[in-house]
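2 protein chains.
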Amino acid sequence: MVRIKDIAKEANVSEGTVDRVLHNRGGVSKKTEEKIKSILERRNFSINPVASALAMKNNHSIAVLIPEYNETDSFWKLPYLGLLKASEEVKSIGVNVTYFKFNQYSRESYLETFNRLIETKPTAVVLVPMFLQETNLIIDELKKIEATYVFLNVDVEGVDSSAYVGQDSYMSGYIAGKLMKLGVPNGFDCCILQTSTSTGDNQAILKRVKGFKDYFNTSQDENVLHELKVDSFSDDVQLASSVHQFLENNPNIRGVFVPSSRISAVVDVLSDVQKQSLCLIGFDNTPQNVACLKNGTVLFLISQKPFDQGYEAVRIVSDHLVKNKVLKEKLYLPIDILTKENVDYNDANQLMFEKDLNQ
Amino acid sequence: MVRIKDIAKEANVSEGTVDRVLHNRGGVSKKTEEKIKSILERRNFSINPVASALAMKNNHSIAVLIPEYNETDSFWKLPYLGLLKASEEVKSIGVNVTYFKFNQYSRESYLETFNRLIETKPTAVVLVPMFLQETNLIIDELKKIEATYVFLNVDVEGVDSSAYVGQDSYMSGYIAGKLMKLGVPNGFDCCILQTSTSTGDNQAILKRVKGFKDYFNTSQDENVLHELKVDSFSDDVQLASSVHQFLENNPNIRGVFVPSSRISAVVDVLSDVQKQSLCLIGFDNTPQNVACLKNGTVLFLISQKPFDQGYEAVRIVSDHLVKNKVLKEKLYLPIDILTKENVDYNDANQLMFEKDLNQ
DNA sequence: CTGAAAGCGCTTACAG
DNA sequence: CTGAAAGCGCTTACAG
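The structure is reproduced here in structure tokens:
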């Protein structure tokens, strides 16, 4: 390993001078600068980030603003684990990550939690921008203190952000459309099943639906596309009656697309015959959905790679803070197509990390 | 931040003694040990990994034995880039990675390159075990020097290894079978198209074919499965004549499965009508294959995630060396289903890394 | 069983 | 414009 000391000796200068050209701090004569640069190049020098971090007492801090999760509402667990994994890794380059969890159904909680966050004066912020109006307030604050901030999982249009880490929702819906066409025999119909009320991550769902429809409309085969809106996925009885009535009225339907993460709720209210005859496609690898995939009722799930989203968000921000890498505006994660057969292979990384956690 | 120095002062001992109890190095009286431990606890001390890494001069070395690549035969480029990315990251925890490239068609090159590698006395080795007999010799050597070694991309049965990073080939073929069933209308036939001669990664291909057939046999629909073996994918003229003759003799065929990475060669010899009417499914996201996916001739590609394979191999070995994490025996990477629509999102990581390289 | 000191490779004042 | 020296927090011999 080539050290600054080695470069300095070869150039007949002090280590301080090498450091000055390495970081463009100026105050070095053109001549020595050139000389040092050429030696740097030739010896293929690269700074030792560990020593650098130690000397600088690198105390970058990333604060994360993310919804809390629990047993029944566990979607945010996976992004959180991904964040945690990256946090552990970046510790060794002097980056400290702290978490602030809010209630995703409460604007007050969102804002209040952010206020606690901002008091810690982080150098960068990773946030899930749940509520548009409040997010605008937050962004104003962040700009004031000149913090880098990246959006995680939810991309808000019309709001500047340093970067976004998540999925291209439109395209993921488009792909769901393609898979649906494959799963439903020609001449039969499909439907899109969603709630009529809006929830937090509505934005993504709207885009998925748009993508899905667009695929249907551009494709030449003629399958009719119906739409069913229900009040809630949580009220079993009502959901059951809406779905059954709808399917009776439209006996030609052979495919159901659920653009939210709640397809398992739909499966729960279907009869065995319906499970057999319908091609079901949904989103997100929640435990419940994965169970439906494995028992064969759901044919495909599109995964957002939530674990990876969290992981990448912390990584790119760290690399930006420590190594001055440019933040990519949009970091779109893979659109995973999950089937019964490949789902178990899909989160080796995440499983390994969870295992480590329990040790 | 609480430092060792602070703990030492409070306990009226030297920093060295605190270090001894932190790492259970022994040689500390029961009494002082207890005292220090309680202070550690109370002050909620945790070691600064940056300083630790620097002081330890962590000088682990990983040597990688991997096939070389070039323009036409570029499969190994992606694993290499993945290895490179991880190498950069683990530098900061004191791990150095060096590369040794061999000619994948020459046993002599394989063995001779390994001999050069072993002279550098690496603490761990990542290798692509191309030739069975030679691999056995290599493993013997590695055991002698007690080096950790992990297999990359190719898993060799009947040979001990510390770990394997790659795909579950059988299952990936099985999934190809499932997708083929979706793409081919009921009542029509399919065929598996492969070379009759064996090549290096034959093992994987055999397992894919087995998986594919198994899916066909367990599924209730009746599509007949044919097989066509050709001499080589490189001889266009001959390939064209074999394929055309075969398709004429079996006009009922609507799907072609190519279990190697060469489906693009098959596409090149098909007529426009054939391209239209056949459902084509292949392996690996080589540039040529991706082009076929994008222009719509190939419906699905199964990806091995070659970039990630390289990346993970270096990461797990590093974590093993530095953090004493146990090596997972089999690290199966996701079985990616690629379509025209999602292929561009699939290697954001790899593309970002390539961009960084060029800066 | 314990301490004092040097060193890991880089950065940061300070002096000139 | 440049150098010498101290320091980041931990680890490693070495001496006792």
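Chains D and W are the protein sequences, given in the same order. Take the first sequence: its position 318, counted from the start at 1, is 1740 in the working numbering, and no numbers get skipped. Take the second sequence: its position 90, counted from the start at 1, is 1512 in the working numbering, and no numbers get skipped. We treat Cβ as the ideally placed atom computed from N, Cα and C, and that holds for glycine.
For residue i, the first and last residue of its enclosing alpha helix (DSSP H)
| i | result |
| --- | --- |
| Asn1518/D | Run containing Asn1518/D: none in the alpha helix (DSSP H); it sits in the beta strand (DSSP E), 1517-1524. |
| Asn1537/D | 1529-1541 |
| Tyr1733/W | 1728-1745 |
| Tyr1491/D | Neither: Tyr1491/D is in no alpha helix (DSSP H) and is coded neither H nor E. |
| Val1472/D | 1471-1477 |
| Val1689/W | 1685-1691 |
| Tyr1502/W | 1499-1513 |
| Ser1583/W | That residue, Ser1583/W, is in no alpha helix (DSSP H); it is neither H nor E in DSSP. |
| Ser1641/W | No alpha helix (DSSP H) holds Ser1641/W; DSSP gives it neither H nor E. |
| Leu1749/W | Leu1749/W -> no alpha helix (DSSP H), and no H or E assigned at all. |
| Ser1460/D | 1452-1464 |
| Asp1428/D | 1426-1433 |
Residue j beta carbon less than 8 Å from that of residue i
| i | j | result |
| --- | --- | --- |
| Ala1477/D | Lys1457/D | no |
| Asp1658/D | Val1691/D | yes |
| Lys1697/W | Val1688/W | no |
| Ser1683/D | Phe1553/D | no |
| Phe1655/D | Thr1617/D | yes |
| Ser1591/D | Arg1630/D | yes |
| Ile1560/W | Asp1582/W | no |
| Leu1500/W | Phe1729/W | yes |
| Val1572/D | Val1550/D | no |
| Ile1614/W | Leu1647/W | yes |
| Ser1663/W | Leu1650/W | no |
| Leu1505/D | Ala1713/D | no |
| Lys1427/D | Glu1437/D | yes |
| Arg1465/W | Val1424/W | yes |
| Val1440/D | Glu1455/D | no |
Selected residue, minimal CA-CA separation from residue i, among the options
| i | options | result |
| --- | --- | --- |
| Ala1585/D | Val1424/D, Arg1425/D, Lys1427/D, Ser1740/D | Ser1740/D |
| Thr1570/D | Ile1759/D, Leu1779/D, Asn1746/D, Gln1772/D | Asn1746/D |
| Thr1545/W | Ser1531/W, Met1552/W, Ile1567/W, Ile1560/W | Ile1567/W |
| Lys1479/W | Phe1467/W, Arg1465/W, Val1744/W | Val1744/W |
| Asn1671/D | Thr1617/D, Asp1611/D, Gly1633/D, Glu1563/D | Asp1611/D |
| Val1695/W | Asp1577/W, Arg1737/W, Pro1673/W | Pro1673/W |
| Lys1762/D | Leu1779/D, Gly1718/D, Leu1669/D | Gly1718/D |
| Glu1556/D | Lys1459/D, Ala1626/D, Glu1530/D | Glu1530/D |
| Leu1533/D | Glu1563/D, Leu1505/D, Asp1636/D | Glu1563/D |
| Leu1760/W | Gln1772/D, Val1578/D, Asn1575/D, Ser1594/D | Ser1594/D |
| Leu1628/W | Leu1779/W, Leu1505/W, Ala1713/W, Asp1577/W | Asp1577/W |
| Lys1777/W | Lys1750/D, Val1720/D, Lys1427/D | Lys1750/D |
| Glu1579/W | Pro1607/W, Leu1539/W, Gln1625/W | Gln1625/W |
| Val1587/D | Glu1490/D, Gln1731/D, Arg1737/D | Gln1731/D |
| Asn1492/D | Lys1459/D, Phe1524/D, Thr1454/D | Phe1524/D |
| Phe1634/D | Pro1681/D, Val1720/D, His1742/D | Pro1681/D |
| Lys1565/W | Gln1589/W, Leu1574/W, Asn1575/W, Ile1540/W | Ile1540/W |
| Gly1609/W | Asp1495/W, Glu1644/W, Leu1779/W | Glu1644/W |
| Thr1535/D | Leu1574/D, Ala1430/D, Pro1489/D | Pro1489/D |
| Gln1772/D | Lys1716/D, Leu1503/D, Gln1642/D | Leu1503/D |
| Phe1711/D | Asn1558/D, Leu1779/D, Asp1495/D, Ser1451/D | The sequence given here has Asn at residue 1711/D, not Phe. Taking only the C-alpha atoms, the option nearest Asn1711/D is Asp1495/D. |
Residues bridged to residue i (per DSSP)
| i | result |
| --- | --- |
| Val1652/W | Thr1617/W |
| Val1440/D | BP columns for Val1440/D are empty, so no partner. |
| Leu1723/W | Gly1704/W, Leu1760/W |
| Ile1675/W | Asp1611/W |
| Gly1588/W | Tyr1754/W |
| Val1486/W | Tyr1521/W, Val1548/W |
| Leu1715/D | Per DSSP, none; premise fails for Leu1715/D. |
| Leu1779/W | Its beta-bridge partners do not exist; DSSP assigns none. |
| Leu1647/W | Cys1612/W |
Endpoints, the beta strand (DSSP E) within which residue i is located
| i | result |
| --- | --- |
| Ala1569/W | Unbroken run through Ala1569/W: none, as it is neither H nor E. |
| Leu1702/D | 1701-1705 |
| Leu1549/W | 1546-1549 |
ask   = Are the segment 1508-1522 of chain D and the segment 1469-1483 of chain W touching by the rule of at least three beta carbon pairs closer than 8 Å?
value = yes
message = Counting beta carbon pairs with one atom in the segment 1519-1530 of chain D and one in the segment 1483-1502 of chain D, are three or more of them shorter than 8 Å?
response = yes
task = Decide if the segment 1750-1757 of chain W is in contact with the segment 1757-1772 of chain D; the criterion is three or more beta carbon pairs, one per stretch, under 8 Å apart.
result = yes
inquiry  = For the structure I just gave you, are there three or more beta carbon pairs, one from the segment 1717-1727 of chain D and one from the segment 1596-1604 of chain D, closer than 8 Å?
reply    = yes
inquiry  = For the pair the segment 1436-1450 of chain D and the segment 1492-1512 of chain D, tell me if three or more CB-CB distances fall below 8 Å.
reply    = no
ask   = Touch check for the segment 1676-1686 of chain W and the segment 1702-1715 of chain W: three-plus C-beta pairs under 8 Å?
value = yes
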